[in-house]
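Asks:
Chains as they are written, first to last, in our numbering: chain E, 51 to 669; chain U, 51 to 669.
1. Going by DSSP, what residues sit across from residue 314/U in a beta bridge?
2. On the CB-based measure, 16 or more other CB atoms within 10 Å of its CB, does residue 339/U come out buried or exposed?
3. Do you know whose CA, among 481/E, 68/E, 519/E, 593/E, lies nearest residue 306/E's CA?
4. Rounded to whole angstroms, what's the CA-CA distance from residue 598/E to residue 623/E? Just pull it up for me.
5. DSSP three-state label for residue 388/U, please.
6. Can you tell me whether residue 151/E is buried or exposed, with buried defined as 16 or more other CB within 10 angstroms of its CB?
7. Apply the 10 Å Cβ neighbour rule to residue 567/U and answer buried if 16 or more other Cβ atoms are within range, or exposed otherwise.
8. Check the Cβ of residue 489/E against every Cβ in chain U and list those closer than 8 Å, keeping chain order.
9. Kindly list, in the order they appear in chain U, the residues whose Cβ is closer than 8 Å to that of residue 659/E.
10. If we call anything under 8 Å between Cβ atoms a contact, is residue 237/U one with residue 327/U?
11. Using 10 angstroms around the beta-carbon of residue 302/U, count the other beta-carbons present and answer buried if the total reaches 16, otherwise exposed.
12. Any residues in the region 244-267 of chain U with a beta carbon nearer than 9 Å to a beta carbon of chain E? Which ones, in chain order?
13. Which term fits residue 429/E, buried or exposed, when burial requires 16 or more other beta carbons within 10 angstroms of its beta carbon?
14. On the three-state DSSP scale, how would you describe residue 330/U?
15. So, using beta-carbon positions, are residue 411/U and residue 59/U closer together than 8 Å?
16. Given 8 Å as the limit, is there contact between the region 379-386 of chain E and the region 101-117 of chain E, that is, 3 or more CB pairs closer than that?
17. In this structure, does DSSP put residue 210/E in helix, strand or coil?
18. Assuming residue 251/U and residue 311/U form a contact by the criterion Cβ under 8 Å, report the distance between their Cβ atoms to the nearest whole angstrom.
19. Quick check: the Cα distance between residue 133/U and residue 163/U, rounded to an integer number of angstroms?
20. What residue range does the beta strand (DSSP E) around residue 279/E cover?
21. Spell out whether any CB of chain E is found under 8 Å from the CB atom of residue 363/U.
22. Got a sec: is the Cβ-Cβ distance from residue 617/U to anything in chain E below 8 Å?
23. The beta strand (DSSP E) that contains residue 291/U, what's its start and end?
24. Residues in the same chain with beta-carbon distance under 7 Å from residue 273/U, minus the five sequence neighbours each way, listed in chain order, please.
25. Using CA atoms only, rank isn't needed, just tell me which of 458/E, 465/E, 409/E is closest to residue 390/E.
26. Answer yes or no: does any C-beta atom of chain U fall closer than 8 Å to that of residue 5/E?
27. When we look at the beta-carbon of residue 291/U and count the other beta-carbons within 10 Å, is it buried (16 or more) or exposed?
28. Residues of chain E with a CB under 7 Å from the CB of residue 183/U: which are they?
29. How should residue 654/E be labelled, buried or exposed, when 16 other C-beta atoms within 10 angstroms of its C-beta is the threshold for buried?
30. Closer than 8 Å by beta-carbon distance: list the chain E residues that pair up with residue 493/U, in chain order.
31. Quick check: is the beta carbon of residue 356/E nearer than 8 Å to any beta carbon in chain U?
32. For chain E, is any of its Cβ atoms less than 8 Å away from the one on residue 310/U?
33. Counting only Cβ pairs nearer than 7 Å, list the residues of chain E close to residue 4/U.
34. Is it buried or exposed for residue 612/U, if we count other Cβ within 10 angstroms and need 16 for buried?
35. Using the Cα positions of residue 387/U and residue 396/U, report the straight-line distance between them to the nearest angstrom.
36. Over the uninterrupted beta strand (DSSP E) stretch that includes residue 456/U, give me the two end residues.
Written out as structure tokens, the structure reads:
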């Protein structure tokens, strides 16, 4: 069986739920078709299985090596990266003007699922190149783009994002890297950046760094930050490559993603580092924010990828591993051993993993789809509407993707039992690799502050209102399905609880208890994420139930026994039954708790704020 | 500040909550006193800090090496182990008849906290020796005890538990290791055991294995299992040490606890392996069950230890690491950076870690205390009562200890941010080391089946009834405290919800939906665990509130501002305020969700049972 991505479920999300094939109605995606999309996904799966997956553990074991200022990636990564680059995967959804293929973003993300599930550490190299290329495309001068962008989109050169410094992580406004204007319009860059993913490596001949820095004389804080393209090797006027005073001084040793080099980078140690301003001076933070949605969605896709691989590996193991007898026969020692998937506790764990993974998949692809719709829209109003959906969804995608993905990896270890803890089996690596997703690209705490402090408050809650309207449109259809009425009721209660918390935050924000929304931003984000997933699964269940009823009709299955037979014998019926089961499981197990979680927030216990430092533990 | 165990909180649990000093009223513990106890704890802390902690990371990096049939533990472990052995720590709570010191078990567990927090991998060697020694003490012949037990309690020789086989993990009844009666009353043992912790190593000269095996002709399943002491080196009649055909054939490579050797052991490859029967033939499982409470509590203490160290490390980091400005001043770039403990989201994470750790501490020590009371009781009725409390508590201690401990480790990484993910800082190791606790000593799924299938059903729910009575006795006192009324109300609702699920299980168990209690056993255990922790914290809050009121009176602090001043300036007041804060946080954040979690179970969604295998994912 497949061990990376359940392609049937992926197709369900893309074509039956989101109907991405209809994106071809927009001029921007007129080249796009279902056939093309299917073909691309099939190729992505092949590449992921044949080249990425086989070097996932070797990359983990070998890691990156720092030797004389250079970084060697795991030897086995070179071939897989070459195949990826040759296939044009890096710029699948990018502008055809610079060598991209102009496909919808949601399709590129569906491909990312396969690569992420197979080998996240390897995918980071082109992933960061993609993010930095898009920045260059949007804010670089045409000269810069001519010089660097083609090669980046082709994967021949790579890119990074250089934000973090020793005292400026979440607090990016505190950064110290300096830029000095030079007479020729370029800037001299000087400073140290840490935790730079793929900052130095030997997969490509050149690396273009997108560096946040403060221009001399610029204001303190986030308002004085600019962003620069800083190539490791600069293309001179004569077209040669010249050293640009960019050095890597060391690597981090990490819990996971050993194959991805995490570098400390020094720019301008000898004051000879040239940077090219992107956009205008002091607009670096705004530019970063604009590019942030894609980067954060990419991180959410990491969580989805690990969850997907962890779930399918655990499922496969549960089908193959025989141990214990059925409870009905447990007292008879002669009874045959059964695959562990027959044990209720294992099935519960698998259903948790299944419904979580499928919910995350729908959430991520909805995020990408909204970005596509915003890009493709011709009317400004529609553009803004979809941009607003995306803005609201992205902190959920990033935070819930990483947290729930981690939880799924943890559960996979539990399904494997003792074998889950040993490196001979793949799941412990998933757990280690996944953990970083809750930290980088803005910690999940920062995502929560983004949601509560920025997204909720935007134009007096406009984003929430629009999202609730969109949900109501779909929900009104689902309500007609009598068989889902119990799930609808639980969902509606959960949504209402969440809306209550939203209002509670809005009120508290105006009082001297303005810290309460900050204190409970993360539990609120978690609640919103679960409600969003519950909604997406409910929506899926409604579609699946319609299909399942059609199959019952085709088989003249009118009573329960004959329907059970159809579900057990017909693969399509089994799939749709499984989709409904995911919704039932998640909504019954998770959304039933939404009211309690809302109450937990609105009880507004402020002990965490009131406790003196000595109260945490005597020093 | 302390980085392993909050000794003030530990003393609060031991002396103010459980009042373990009163154990000295029992003849069994007549030697025991508060002074002695304080001294022992102080020594444990010193040893843990000075010898265990410094070699925790080195042990992780070096790991164990398998060389020519022998296993070398990390070089740095030898000295620390020697100090531990010399100090007599292994047999602190064991019978003075065999060299032990006869202290209460709860005190030994409090010492374990320090060692577990400092270096769990190292502690496993004496920990397993202790478990196997107790088995030998209770079921070995006096000859066996004379020969082996003194040296084991002295830590000169070590011990293991050999249960798991390739096809017999959770399903221990399926084991294949064979025992053949020999004319001299000993047995010839033959079989393979896997995942044997500390199965072979060079810390001691000899290792005594406690091996489950089936005697020729014995019934299949669990009823035909016997248990044997199988020394690696057998003491011959002339007192010499002879090889006993016990070999280690390899080590597992694991996610964590690298310093603890996880061995594959072959017994009797040459049919020359001699084993000594413990107890009677075919009573191996009953004997194992009798010893299980202590072993499972030990695993729970692992989770507590990691949680405690992770919490204190994160707290220390949060006090030292400066980043970001207070929200009130965030828009002014000149505002000074503050330690991250000033940020509400960080405080919330710390409060989660604090309340969880303190709750786990109370839970573990209550478990140990009940075992002590059962041992010390002179009336049979009292013995049984306390044994029953322990029987009910142990699956909670083991499962919640490991799961919540893991969650605390995960949160510590989040507090550290990017630094939490790198091996330069200690928290990623806590996470890796902690994970195994949910798997070994009976997976947490098995703990849930033990709770639901065995403990709830014992004598028609007698254990639950007795526990509820004990809770009500304490609760009736807490209800008199007006300032805790909100917490009491949330607690009572949560308890009632849990009781409802218990009754629901009892009813379902008698219908053809008898699988429902199995399906939801783990969520039920989690709920019971949280309710138990909530109760223990509420109990603590009541004690703390009384002390705090006394301090207020002593300082003539009658209004809120003067009370706040006392709390900020007086360390005792800060501590008691922190205790109340833990209860407020946990009860408000966690127990408010109990009703929803109970509903999630009693909705009795059976999709996990009904879904066909193809519905999980098409093959």
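Ideal Cβ placement from N, Cα and C applies to all residues, glycine included. Model, not experiment: these values are computed from the prediction.
Replies: On the basis of the data shown:
1. Residue 314/U is bridged to 300/U.
2. Burial is judged here by how many other beta carbons sit within 10 angstroms of a residue's own beta carbon; residue 339/U has fewer than 16 and is exposed.
3. When only C-alpha atoms are compared, the closest one is 481/E.
4. Residue 598/E and residue 623/E: Cα-Cα distance of roughly 6 Å.
5. Correct three-state label for residue 388/U: coil.
6. Looking at its Cβ environment, which holds 16 or more other Cβ atoms inside 10 Å, residue 151/E is buried.
7. Residue 567/U is buried by the Cβ-count criterion.
8. Simply 463, 464, 467, 468, 470, 471.
9. Those are 394, 397, listed as they occur along chain U.
10. It is a contact, given that the beta carbons lie within the stated cut-off.
11. Classification of residue 302/U: buried, given that the 10 Å Cβ count is 16 or more.
12. Listed in chain order, the positions of the region 244-267 of chain U with a beta carbon within less than 9 Å of a beta carbon of chain E are 244, 245.
13. Burial call: exposed.
14. If DSSP states are grouped into helix, strand and coil, residue 330/U belongs with coil.
15. One thing to note: residue 411/U has its Cβ within 8 Å of the Cβ of residue 59/U.
16. Three or more Cβ pairs closer than 8 Å define a contact, and the region 379-386 of chain E falls short of that threshold against the region 101-117 of chain E.
17. Here residue 210/E carries a strand assignment [DSSP, helix/strand/coil].
18. Residue 251/U to residue 311/U, Cβ: 5 Å. Contact.
19. Between the alpha carbons of residue 133/U and residue 163/U lies a gap of roughly 17 Å.
20. Per DSSP, residue 279/E belongs to the beta strand (DSSP E) from 275-281.
21. The beta carbon of residue 363/U does not come within 8 Å of any beta carbon belonging to chain E, so the residue lies off that interface.
22. True, the Cβ-Cβ gap to chain E drops below 8 Å.
23. Looking at the DSSP string, the run of the beta strand (DSSP E) that includes residue 291/U is 291-293.
24. By the criterion of a C-beta distance shorter than 7 Å, residue 273/U is surrounded in its chain by 332, once the five residues flanking it on both sides are discounted.
25. Nearest to residue 390/E by C-alpha distance, out of 458/E, 465/E, 409/E, is 465/E.
26. With chain E represented from 51 up to 669, any question about residue 5/E goes unanswered, as that position is not in the structure.
27. Exposed, since its Cβ has fewer than 16 Cβ neighbours within 10 Å.
28. Within 7 Å Cβ-Cβ: nothing; residue 183/U doesn't reach chain E, min ~24 Å.
29. With fewer than 16 Cβ atoms within 10 Å of its Cβ, residue 654/E is classed as exposed.
30. One finds 464, 467 in chain E with Cβ atoms closer than 8 Å to the Cβ of residue 493/U, taken in chain order.
31. No, residue 356/E lies away from the interface with chain U (no Cβ there is under 8 Å from its Cβ).
32. At a cut-off of 8 Å between beta-carbon atoms, residue 310/U makes no contact with chain E.
33. In the structure displayed, chain U extends from 51 to 669; residue 4/U sits before or after that span and is not available.
34. If you draw a 10 Å sphere on the C-beta of residue 612/U, you find fewer than 16 other C-beta atoms in it, and that means exposed.
35. Answer to the nearest angstrom: the Cα atoms are 15 Å apart.
36. Note, residue 456/U: premise wrong, no beta strand (DSSP E); alpha helix (DSSP H) at 430-466.
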